[in-house]
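Here is the structure:
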């Protein structure tokens, strides 16, 4: 812990770690596939982006730091698309919603 | 019943996290920084939660979703491993893993929908 | 067409130089050859969006869009963490249908990604011909199409309309 940069980098890494942990806990606790994807994809995307931003603050504008910024952009663009693909394919392969769900317009429109 | 299960889970998670944070860990990885080592072990615990869902998921879509989340966590692993070891190529592994994980999730989604790969 | 290819070539070449980081002759030659190949292979895909690059006002709206998006994303994470650690799982999930006025594919992709990272919503499917989105909402307040559109889409549609159309 020498400079102020490293301390801020550690703070960002710790915040990202907490969000990652809550995302994985949501993957275990929630009752059906849509809620699981829903909670975990948000928390894990922002958490990993925060860890990568901490790496950028630690290394500065070097080889590793700039690549970490590129990786953040790539992650934010692709992670929601994969969640969307998984949710749609789960619905089309016949996975039911949770029994306490309110409405399902998608199943009504597909018939 | 639900309250009791919630309380037991809370106690288990808090005790595990406290054990990782406050107990002196035998130095499996010879790093200088103690903080990064503890952070790394908490990420490994998150990965174990994902593997639990891969093991217990009632439908194939649950397992695929847990694998997707595990793929994103591995990017975080690689980013943290790059700091104490001083090897710059770990971030290359992170970028390549992000690409590969995305493409494999697209293929798994098509497979679950019941379509062929060349449609 | 030639302008589209030049833009793609410049983007790929800069991306390659950042990834390889050292400026040697071999890196530059390999990057140029790969950039020409990629620009000839993928210029069909980006041909429709070429007119967007000319107006400078769109860039200003894009820079306004980034902090709004980041703030919503942070709120979404705190909301998700609260729902996870609450003992009785406070939610009424359901899939609702919302209407959007955006037409182009890029704008619809951005809208779907933004809704996925927003508090309480996740896009499940897009119907491009009718302009409908099917959204999984964790706390369903109404299942009417118009009211759900007011709650979910309006705020971002206003900005994305100015960026992409």
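Residue numbers (the numbering used here), protein chains in the order written: chain R, 66 to 176; chain S, 2 to 120; chain X, 45 to 209.
Note that the Cβ used here is the ideal one computed from N, Cα and C, for glycine as well.
Determine the DSSP secondary structure at residue 136 of chain X, reduced to helix, strand or coil. strand
Pairing CB atoms from the region 145-163 of chain X with CB atoms from the region 97-117 of chain X, are three or more of them under 8 angstroms? yes
Assign residue 167 of chain X to one of three DSSP states: helix, strand, or coil. strand
Just by C-beta distance, which residues in the region 132-161 of chain R are closer than 8 angstroms to chain S? 132, 133, 135, 136, 139, 140, 143, 144, 146, 147, 148, 150, 151, 153, 154, 155, 157, 158, 160
Inter-stretch contact (C-beta, 8 angstroms, three-pair minimum) for the region 118-125 of chain R and the region 139-149 of chain R: no
Below-7 angstroms beta-carbon distance, residue 91 of chain R vs any chain X residue: yes
Do residue 107 of chain R and residue 140 of chain X have their C-beta atoms within less than 7 angstroms of each other? no
For residue 134 of chain X, count the other beta carbons within 10 Å of its own beta carbon; 16 or more makes it buried, fewer makes it exposed. Which is it? exposed
Would you call the region 70-87 of chain S and the region 45-55 of chain S touching, i.e. three or more CB-CB distances under 8 angstroms? yes
On the DSSP bridge assignment, give the partners of residue 181 of chain X in chain order. X:138, X:165
Return the residue from the list X:168, X:175, X:138, X:72 that minimises the CA-CA distance to residue 151 of chain X. X:175
For residue 143 of chain X, the residue or residues it bridges with in DSSP: X:176
Check each candidate in X:177, X:202, X:203, X:205 and name the one with the smallest Cα separation from residue 192 of chain X. X:177
Between residue 76 of chain S and residue 129 of chain R, how many whole angstroms is the CB-CB distance? I'm expecting something under 8 angstroms. That belief does not hold up - the Cβ atoms of residue 76 of chain S and residue 129 of chain R are roughly 14 angstroms apart, past 8 angstroms.
Same chain, Cβ closer than 6 angstroms to residue 200 of chain R, neighbours up to 5 away in sequence not counted: Outside the displayed span of chain R (66 to 176) sits residue 200 of chain R, for which this structure offers no information.
Once you ignore the five residues that flank residue 109 of chain X on each side, which residues in its own chain have a CB closer than 7 angstroms to its CB? 203, 207
I'd like the list of long-range same chain contacts for residue 78 of chain S, defined as Cβ closer than 7 angstroms, with 5 residues on each side in sequence excluded. 44
Classify residue 255 of chain X as buried or exposed, calling it buried when 16 or more other Cβ atoms lie within 10 Å of its own Cβ. Because residue 255 of chain X is not part of the residues shown, which for chain X are 45 to 209, the question remains open.
Report the option in X:146, X:54, X:60 whose CA atom is closest to the CA atom of residue 170 of chain X. X:146
Run of the alpha helix (DSSP H) containing residue 158 of chain R, from where it starts to where it stops: Per DSSP, residue 158 of chain R belongs to no alpha helix (DSSP H) and is neither H nor E.
Assuming contact is defined by CB atoms lying nearer than 7 angstroms, are residue 86 of chain R and residue 128 of chain X in contact in what I supplied? no
For residue 4 of chain S, return the contacting residues in chain X, with the cut-off set at a CB-CB distance below 7 angstroms. 131
Quick one: grab the DSSP three-state call for residue 169 of chain R. strand
Should residue 43 of chain R be flagged as near chain X, meaning a C-beta pair shorter than 7 angstroms? In the structure as shown, chain R begins at 66 and stops at 176. Residue 43 of chain R is therefore absent and cannot be evaluated.
Rounded straight-line distance, which links the Cα of residue 77 of chain X to that of residue 45 of chain X: 19 angstroms
Residue range of the alpha helix (DSSP H) that includes residue 86 of chain X: 69-86
Go ahead and pull the three-state DSSP assignment for residue 24 of chain S. coil
For the region 143-159 of chain R against the region 90-107 of chain S, do three or more pairs of beta-carbon atoms, one drawn from each stretch, fall closer than 8 angstroms, so that the two count as touching? yes
Within-7 angstroms CB hit, residue 86 of chain R to chain X: no
List the endpoints of the continuous alpha helix (DSSP H) containing residue 55 of chain S. 35-57
Can you tell me which of S:35, S:58, S:88 puts its alpha carbon nearest to the alpha carbon of residue 99 of chain R? S:58
Counting only Cβ pairs nearer than 9 angstroms, list the residues of chain X close to residue 124 of chain R. Per Cβ cutoff of 9 angstroms: no residues; residue 124 of chain R is ~13 angstroms from chain X at best.
With DSSP run on the structure shown, which of helix, strand or coil describes residue 89 of chain X? coil
Measure the Cβ-Cβ separation of residue 60 of chain S and residue 160 of chain R and say whether it is below 7 angstroms. yes
Validate contact between the region 77-86 of chain X and the region 181-188 of chain X using beta carbons, cut 8 angstroms, 3 pairs: no
Any idea what DSSP makes of residue 49 of chain X, helix, strand or coil? helix
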